[in-house]
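>
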Amino acid sequence: MQSALPEEERPDTREIAALKRAEKREAAESIGVDAEFIDDLVENFYGKIREDDLLGPIFAERIADWPPHLARMKTFWRSVLHNSGEFSGNPMLKHLAIPGLELQHFARWLELFYETLREAEGDREATQLVGGRARMIADSLLTAIAMRRDGLAAGRAGKDLPHA
Numbered sequence: 003m004q005s006a007l008p009e010e011e012r013p014d015t016r017e018i019a020a021l022k023r024a025e026k027r028e029a030a031e032s033i034g035v036d037a038e039f040i041d042d043l044v045e046n047f048y049g050k051i052r053e054d055d056l057l058g059p060i061f062a063e064r065i066a067d068w069p070p071h072l073a074r075m076k077t078f079w080r081s082v083l084h085n086s087g088e089f090s091g092n093p094m095l096k097h098l099a100i101p102g103l104e105l106q107h108f109a110r111w112l113e114l115f116y117e118t119l120r121e122a123e124g125d126r127e128a129t130q131l132v133g134g135r136a137r138m139i140a141d142s143l144l145t146a147i148a149m150r151r152d153g154l155a156a157g158r159a160g161k162d163l164p165h166a
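End of the sequence shown = 166 in our numbering, gap-free, step of one.
(1) Going by C-alpha distance, which of PRO69, LYS76, ALA73, GLU104 is nearest THR145?
(2) What ranges does the beta strand (DSSP E) occupy inside the segment 30–74, keeping only unbroken runs of at least 3 residues that lie completely in it?
(3) At which residue ranges does the segment 85–139 contain complete alpha helix (DSSP H) runs of 4 or more residues, listed in the order of the chain?
(4) Mind checking ALA30: buried by the 16 CB within 10 Å criterion, or exposed?
(5) To which residues of the same chain is LYS26 closer than 7 Å at the C-beta, ignoring the five residues directly before and after it?
(6) Which one of ASP152, TRP111, ARG126 has the shortest CA to CA distance from MET138?
(7) Could you tell me whether the segment 89–96 touches the segment 151–162, using the rule of 3 or more Cβ pairs below 8 Å?
(8) How would you call ARG16, buried or exposed, if buried means at least 16 neighbouring beta carbons within 10 angstroms?
(9) With C-beta atoms as the reference, is ASP141 less than 9 Å away from PHE108?
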């Protein structure tokens with residue numbers, strides 16, 4: 003379908019994308035999900051991960067220098083929650099390369115994430131937004147891992163993951 007505006011008056015795709023990013027960031031910030039919230043969430047969450055009996059060893063095998071990892075995770079979550087566009091990388095490939103990841107690992111990751119999120123909760127809508135995104139990510143990663151191992155039959159591998 004053609005735009006009714008002449009080409010010179012049509013908004014630039016980059017302008018539209020920037021506007022949409024700003025709208026998403028403003029919506030998140032309006033419920034308390036700002037950069038400080040994300041920083042605190044990441045710091046507190048990964049503090050729990052490092053102490054966890056199930057997940058701690060998996061992370062310890064792969065992360066020797068935590069400050070750069072935490073900075074990367076903050077960038078990732080700002081990209082997810084604010085659509086900032088600042089994260090580059092492929093979390094799927096990183097997780098596919100870890101042997102033995104199963105439902106129990108992603109369920110525990112979500113349990114710790116939700117616990118941290120509830121501790122930080124200021125607005126129930128924020129908990130739903132951030133928790134929903136976390137579950138979507140866990141489901142996507144788990145499903146890809148299961149499908150790689152078990153084929154298409156594993157297409158709903160994340161259906162039993164906990165909700166926020």
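Every residue, glycine too, gets a C-beta built ideally from N, C-alpha and C.
If we stick to the structure as given:
(1) Reading the sequence shown from its first residue, position 143 is the one you call residue 145. Ranking the options by Cα distance to THR145, first place goes to GLU104.
(2) Counting only runs of 3 or more, we get nothing.
(3) You should have 93–98, 105–122.
(4) The residue labelled residue 30 in the question sits at position 28 within the sequence shown. Result: buried.
(5) In the sequence shown, residue 26 corresponds to position 24, counting from 1. Short of 7 Å from the beta carbon of LYS26, and not among the five residues preceding or following it, lie these beta carbons of its own chain, in chain order: HIS84, ASN85.
(6) The residue labelled residue 138 in the question sits at position 136 within the sequence shown. Measuring C-alpha to C-alpha distances from MET138 to each of ASP152, TRP111, ARG126 identifies TRP111 as the nearest.
(7) Contact fails: fewer than three Cβ-Cβ distances are below 8 Å.
(8) For the purposes of this step, residue 16 is taken as residue 14 along the sequence shown, with counting starting at 1. Here ARG16 is exposed, its C-beta having fewer than 16 other C-beta atoms within 10 Å.
(9) By one-based count along the sequence shown, residue 141 stands at place 139. By one-based count along the sequence shown, residue 108 stands at place 106. Cβ atoms of ASP141 and PHE108: closer than 9 Å.
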